[in-house]
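>
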Amino acid sequence: MPAPAFATPPQPVSTETRLAYVLRHFRLAYENVPDISIGYVDTQPQLQVADGAGGFFSQTNPYPAAPNMREWLGQSVPFFFDAEPQRPLLELLPSGHPIINADIISGAFYLLSGWQEYYSEERDQHGRFPYAASVQRQYGFVTMPVVNYYFDVLKTAIQHMVGHSLQPRTWLNGAQWAAFVTHDIDNLYSAWKAPTKAAIQRRDWPSLARHLWQHFTQKDAWDNLEEVQQTVASYEAKSTFFFLPEHRKAANGTPNADYKVQQALLVTQIRHLHRNTAEVAVHGSINADSVKLALETAAMREIVDLPFDSGIYLGNRFHYLKWEPTITPLIVESIPACYDSTLGFAEHFGFRNSYCLPFFPFNFQLRQECTFLEIPLNVMDATLHHPRYLQLAPEEILPAITPMLQEIERFGGVCTLLWHNENFDPANKNTGPRQFAEIMEYLRSRAVAFVNGQDIVGEMNKPTSTSS
5 MPAPAFATPP QPVSTETRLA YVLRHFRLAY ENVPDISIGY VDTQPQLQVA
55 DGAGGFFSQT NPYPAAPNMR EWLGQSVPFF FDAEPQRPLL ELLPSGHPII
105 NADIISGAFY LLSGWQEYYS EERDQHGRFP YAASVQRQYG FVTMPVVNYY
155 FDVLKTAIQH MVGHSLQPRT WLNGAQWAAF VTHDIDNLYS AWKAPTKAAI
205 QRRDWPSLAR HLWQHFTQKD AWDNLEEVQQ TVASYEAKST FFFLPEHRKA
255 ANGTPNADYK VQQALLVTQI RHLHRNTAEV AVHGSINADS VKLALETAAM
305 REIVDLPFDS GIYLGNRFHY LKWEPTITPL IVESIPACYD STLGFAEHFG
355 FRNSYCLPFF PFNFQLRQEC TFLEIPLNVM DATLHHPRYL QLAPEEILPA
405 ITPMLQEIER FGGVCTLLWH NENFDPANKN TGPRQFAEIM EYLRSRAVAF
455 VNGQDIVGEM NKPTSTSS
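Everything in the sequence shown is counted per the working numbering, starting at 5 for the first residue and increasing by one.
Here it is in structure tokens:
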């Protein structure tokens, strides 16, 4: 499935734009960043970076030349736009000022902006940029937040110049990293369907009768919103629930919700969650345009009684993680949204934009950062065992994702976890309550700050101090 044609011809992204975008995020990642000039060699700044991009950003090639692997922080890190790999990554000029000999500005911009998926025509059956087409897959670094490593090089150079350490930003109560626990509510009333269908196929009439009797006399196993909230709260953590306001199938037959969000009983349940510290957010439907997403957002605001003049805006995550880079940022920009949390690969846990902190997506049409904050998605339950994805055994899940979690902790980032409410059903032995508990126990053991989306936006909006 090809990407949509560009609404307007793509324009070159200037050196100044790339530099401003990357340094804006660098200054959001650290406290007490000194006010020194950082730029390319030809402008003679205080801290120089080699220019290795050439004319790449004036063209529409989705992929640069293969990166060179360099050692940093004990890891083999891919450096794109590295024109002189024989030179040390970081060295001192005769003036005593450092120079970074790989173009980490262009590398960071390329990865953080999502350049590859904007210009690639590769799309999967759901219209998504596929992991298989990514540089993360090609060069094997999906679980490494490469942009954070680039920022650490820049931080080290600055520390040499100013003689004191730059500290990563901290989270609630001074925690060194944070976890964002989320639940996409796609299904509430469908737990009975699969076992009933299986009983029919087996001609197991006693089991069929039992499943039907349970369906008509007991609450569905997936109708468990309060139980989910209580389970998460037992770890002294917070839940964020993304509700899907559209119950009709998409035009291509892809299902949306199996419930109607404005049904009276469900409205009561959602309001109860909201009153009991849960965050309620929007799960934008398949192929929602600006008008549709605005209507879905308005519906959820009405349910939680959130007036538009309150100054509080709901977060969003698109159903099926559907994100078309040529149009989706413009859709989110068009509504009052405080954050989005769609950007993760469905096929693999890790870092779709090679960054473990929230960031502002790049608007390629206007060639500037978007106004909404992206809280990237790192690990989704379906990724771990789905037949089309990783198919990890239950005991393999925590060991598999632990190195990624360690990277997030190392750089003071945010781990975004998506665990669907249906996978709190005890019948799920693969990505069910036990596997969720193991992940939560690990996070709690590492003194993580459990936050919701509103917390993250508030923290990211706090000014970081600047030293002179």
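Using N, Cα and C, we set each Cβ at its ideal position, and we do this for glycine too.
Can you give me the Cβ contacts of L23 inside the same chain, cut-off strictly under 7 Å, excluding the 5 residues immediately before and after it?
G43 and I109
> Which of the three DSSP states, helix, strand or coil, is assigned to V336?
Correct three-state label for V336: helix.
> Output the distance between the C-alpha atoms of F366 and E125, rounded to the nearest integer angstrom.
If you take the alpha carbons of F366 and E125, they lie about 18 Å apart.
> For the beta strand (DSSP E) that S80 lies in, which residues bound it at each end?
Q79 to F83
> For D459, which three-state DSSP category applies?
helix
> Alpha helix (DSSP H) containing Y44: first to last residue?
Segment I42 to Y44 is the beta strand (DSSP E) holding Y44; no alpha helix (DSSP H) there.
> Candidates Y193, V151 and L94: which alpha carbon is nearest A261's?
Of the listed residues, the one whose Cα sits closest to A261 is Y193.
> Ordered along the chain, which non-local residues of its own chain (more than five positions away) have a Cβ less than 7 Å from that of Y114?
P68 and F84
> In terms of DSSP beta bridges, what is D188 paired with?
F246
> Determine whether the beta carbon atoms of I316 and F247 lie at a separation below 8 Å.
Their beta carbons are not under 8 Å apart, which means I316 does not touch F247 by this criterion.
> Just list the alpha helix (DSSP H) runs in the stretch 268-351, keeping only unbroken ones of 4 residues or longer that don't cross its boundaries, in chain order.
268-279, 294-307 and 332-337
> Between P362 and I379, how many whole angstroms is the CB-CB distance? I'm expecting something under 8 Å.
That pair is a contact at about 5 Å.
> Taking all protein chains shown into account, decide if T420 is buried (16 or more other Cβ within 10 angstroms of its Cβ) or exposed.
buried
> Taking the straight line between their C-alpha atoms, what separation do you get for N456 and Y343?
11 Å
> Cα separation between E75 and P437?
39 Å
> Helix, strand or coil for F368? Go by DSSP, reduced to three states.
coil
> How big is the Cα-Cα spacing for R392 and R132?
15 Å
> Measure the alpha-carbon distance for P398 versus G417 and round it to whole angstroms.
26 Å
> Using only alpha-carbon positions, find the residue among P210, A225 and Y143 that is nearest to D429.
A225
> What is the DSSP secondary structure of T221, reduced to helix, strand or coil?
If DSSP states are grouped into helix, strand and coil, T221 belongs with the helices.
> Should S472 go down as buried or exposed, given a rule of 16 or more other Cβ atoms within 10 Å for buried?
Caution is warranted here: a pLDDT of 46 is assigned to S472, below 50, making its placement in the model unreliable, and the coordinate value is therefore given only provisionally. It is exposed - the Cβ of S472 has fewer than 16 other Cβ atoms within 10 Å.
> Please classify P467 as buried or exposed, where buried requires at least 16 neighbouring CB atoms within 10 angstroms.
exposed
> Ordered along the chain, which non-local residues of its own chain (more than five positions away) have a Cβ less than 6 Å from that of V265?
Closer than 6 Å at the Cβ level, and outside the excluded window around V265, lie F247 and P249.
> Apart from the five residues on each side of it in sequence, which residues of its chain come closer than 6 Å, Cβ to Cβ, to V236?
V185 and S243
> For A70 and A303, what's the separation of their Cα atoms in angstroms?
Cα-Cα distance, rounded: 47 Å.
> Take H287 and list the residues in its own chain whose beta-carbon comes closer than 7 Å to its own, dropping the five residues that flank it on each side.
If you ignore the 5 residues before and after H287, its C-beta comes within less than 7 Å of the C-beta of D188, I189, F246, F247, L248, R321 and H323, all in its own chain and listed in chain order.
> In the DSSP output, which residue or residues are listed as bridge partners for E400?
DSSP output for E400 lists no bridge partner at all.
> Could you tell me the boundaries of the alpha helix (DSSP H) in which E240 lies?
From DSSP, E240 is part of no alpha helix (DSSP H); its letter is neither H nor E.
> Going by Cα to Cα distance, which pick from R91, V37, P102 and G58 is closest to Q50?
P102
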